[in-house]
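Report on the following structure.
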Amino acid sequence: MNKVIITGCGGFFGGALTKTLLDQGVKVYGVDINEEKLSRFREHENFYPVAAEFEDYEKLPEMIKDTGADVFYHLAWAGGFTTAIRDYKLQMRNAAFAGDALTAARNLLAKKFVYANTYNQYEIINFLESETFEPRYTCIYSTGKTAAGLICRTLAHNLGIEYSAGLIPMPYGENNYSKQLVNVVIDSLNHGKAPKLVEGNNLYDLVYVQDIADALIAIGERGKDKKEYYVGHRRLKTFKEWMIEIRDEIAPEVELKFGEFKDNQQIDYSKVDLDALYRDTGWECRYELRGRIKDVAQWVRDHII
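Quick note, the numbering used here runs 990 ahead of the 1-based positions in the sequence shown.
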């Protein structure tokens, strides 16, 4: 790739993707909501900041005069954490803004549109197929993400631009300022406290942020049109195994409290093609949790608490 556009370039995924591509010499038009989020990349001569709110996406072709990007990455999303995930009006606005981003990509003559979707889409599929499904509030967020993917794929087909997506499971890594699960668990362990957890016998996945960035690059370069790829490990562990691994690295003396909450995530991994991204692009996870989690725990200690 020689030139890309990235929405949400100052976010967790977007920051890792932007830095990786800049270090590779790729020309990056980074789109985010304010100058503060754009400032971290200004030392790169190949970075071109574009301050734009979600409502401005329709104007991106006027703000970016340089056409013909190899990939337009849409990573920006408002309200992916805490109580915002249950804000159905916000989540559906996000889906509409994704459509605006796809339309802007087409008008900018981008060759391909890559969307950062969620693996919770598989839970929504189960929701649609079952009359007894008990949806958690996360399903509102997941519905918005799924709707955005369907809107973008439909627009891409009819407007004549390639579309691919990554279905991303629970991430971890530096520069994640959210209260996502891994950060909450790390914070408890950093203070010698036992986090309260679900029973955890279900299959689960944790993916390091640099692996996610590398996967998005692979999808942009070699992903097939109209395909959505699971971005994670090709062999899974249970939630309990992941949590024990984190505990053993950070605070082995702490006894974890499994079974404190209902285990209500309902993803049927038998329906997930864990190997598709590897088959099509050669990408697979390179970073082991045991090799990264202590550094992430130190980052959480230094920057969040």
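Glycine included, C-beta positions come from ideal geometry on N, C-alpha and C.
Range covered by the alpha helix (DSSP H) that runs through residue i
i            : result
residue 1135 : 1128-1149
residue 1002 : 1002-1013
residue 1204 : 1199-1212
residue 1178 : 1171-1180
residue 1047 : Where residue 1047 is concerned, there is no enclosing alpha helix (DSSP H), given that its DSSP letter is neither H nor E.
residue 1230 : 1229-1240
residue 1089 : 1078-1097
residue 1025 : 1025-1028
N-terminal and C-terminal residue of the beta strand (DSSP E) that residue i is part of
i            : result
residue 994  : 993-997
residue 1022 : 1017-1022
residue 1266 : Premise fails: residue 1266 lies in the alpha helix (DSSP H), 1266-1271, not in any beta strand (DSSP E).
residue 1246 : Here residue 1246 belongs to no beta strand (DSSP E), and DSSP marks it neither H nor E.
residue 1186 : 1186-1188
residue 1161 : 1160-1162
residue 1031 : Careful: residue 1031 lies outside any beta strand (DSSP E) and carries neither H nor E.
residue 1219 : 1217-1220
Closest Cα partner of residue i within the set the options
i            : options                   : result
residue 1116 : 1146, 1292, 1159 and 1257 : 1257
residue 1263 : 1163, 1011 and 1223       : 1223
residue 1017 : 1027, 992, 1033 and 1128  : 992
residue 1221 : 1182, 1208, 1001 and 1281 : 1208
residue 1269 : 1248, 1195 and 1219       : 1219
residue 1177 : 1139, 1284, 1276 and 1098 : 1284
residue 1247 : 1255, 1229 and 1261       : 1229
residue 1192 : 1286, 1123, 1133 and 1249 : 1249
residue 1276 : 1196, 1255, 1254 and 1294 : 1196
residue 1231 : 1093, 1279 and 1006       : 1279
residue 1172 : 1203, 1119, 1240 and 1149 : 1240
residue 1030 : 1130, 1293 and 1006       : 1006
Inter-residue CB distance, residue i and residue j (contact presumed, cutoff 8 Å)
i            : j            : result
residue 1290 : residue 1180 : 7 Å
residue 1210 : residue 1061 : 4 Å
residue 1023 : residue 1043 : 6 Å
Collapsed DSSP secondary structure at residue i in the structure displayed
i            : result
residue 1071 : coil
residue 1064 : strand
residue 1055 : coil
residue 1120 : coil
residue 1283 : helix
residue 1152 : strand
residue 1261 : helix
residue 1290 : helix
residue 1112 : helix
residue 1039 : strand
residue 1106 : strand
Closer than 8 Å to chain C by CB, residue i
i            : result
residue 1038 : In summary, chain C is missing from the structure at hand, where a single protein chain is found.
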